[in-house]
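Structure first, commentary second.
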Amino acid sequence: MPEDSRAIFGYRSDKETNKYQGWIPDSLAEVDEFIAKNPNTFNLPESWFQLVMTDKIAKAVIGDIGVHFFGAEHLQVELGCTIKKEFQQQGYAKEGLKTVIAALFRQYHKHRIMASVAPENKASMQRPSVLRSRPLKNYKVSGHVFSDSPRHSSRYPLYPL
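Below, the structure is given as structure tokens:
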């Protein structure tokens, strides 16, 4: 939907707010290309799937959750979350992630779900503790799905809530 593309571009193109993200689009066309590349089916092996988050009252796109399905046995998932600046620190990430985590464990029978967070992102580093998690290890991601520049992240295992 064109309005979704504009909304996603609006919060994803904010370079300061998204400085820890691997993908910051430069144009609306780049967002459209990204949406077109998103698989049509959820839970495909070795794929990323983006779920948009909407505010129930405003009925507007306020963020997204990236779901990376990986592993030889197709039982592992990595999550990432982006929230529009004016909706941050209001519980939207927690609510969205809890919903996705519950579905991944209960409906999709995943065995391991992890959140990837840039250690410099202090606000997001607090999020895993709210989601009943602890640091697994620091790791370096080379050739991130959205960027060719390596970055360091902390990986947190997440548990059913």
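Just so we're aligned, residue 538 is where the sequence shown starts under our numbering, counting upward by one. Positions of the beta carbon are idealized from the N, C-alpha and C atoms, including for glycine.
1) Could you please give the first and the last residue of the uninterrupted alpha helix (DSSP H) stretch that includes Glu570?
2) Here's the rule I'm using: 16 or more other beta-carbon atoms within 10 Å means buried, otherwise exposed. How should Arg549 be labelled?
3) Which whole-angstrom value describes the C-beta separation of Arg649 and Leu612, a residue pair presumed to lie in contact below a C-beta threshold of 8 Å?
4) If you check the beta carbons only, do Met590 and Glu615 fall under 8 Å apart?
5) Spatial neighbours of Leu565 within its chain, please: C-beta separation below 7 Å, excluding the five flanking residues on both sides.
6) Could you check what DSSP says for Phe606 in three-state terms: helix, strand or coil?
7) Using alpha carbons as the reference points, say which of Ile599, Glu610, Ser653 lies closest to His646.
8) For Ala639, does the count of other Cβ atoms within 10 angstroms reach 16, so buried, or fall short, so exposed?
9) Comparing alpha-carbon positions, which option in Trp560, Ile620, Glu623 lies nearest Phe571?
By the coordinates alone:
1) 565-574
2) Buried.
3) In this structure, Arg649 and Leu612 form a Cβ contact; the two beta carbons are roughly 7 Å apart against a cut-off of 8 Å.
4) no
5) Annotation for Leu565: Ser542, Arg543, Phe546 place their beta carbon closer than 7 Å to its own, counting only its chain and skipping 5 residues before and after.
6) Residue state for Phe606 is assigned as strand, using DSSP reduced to three classes.
7) Glu610
8) By the neighbour-count definition (other C-beta atoms within 10 Å, threshold 16), Ala639 is an exposed residue.
9) Trp560
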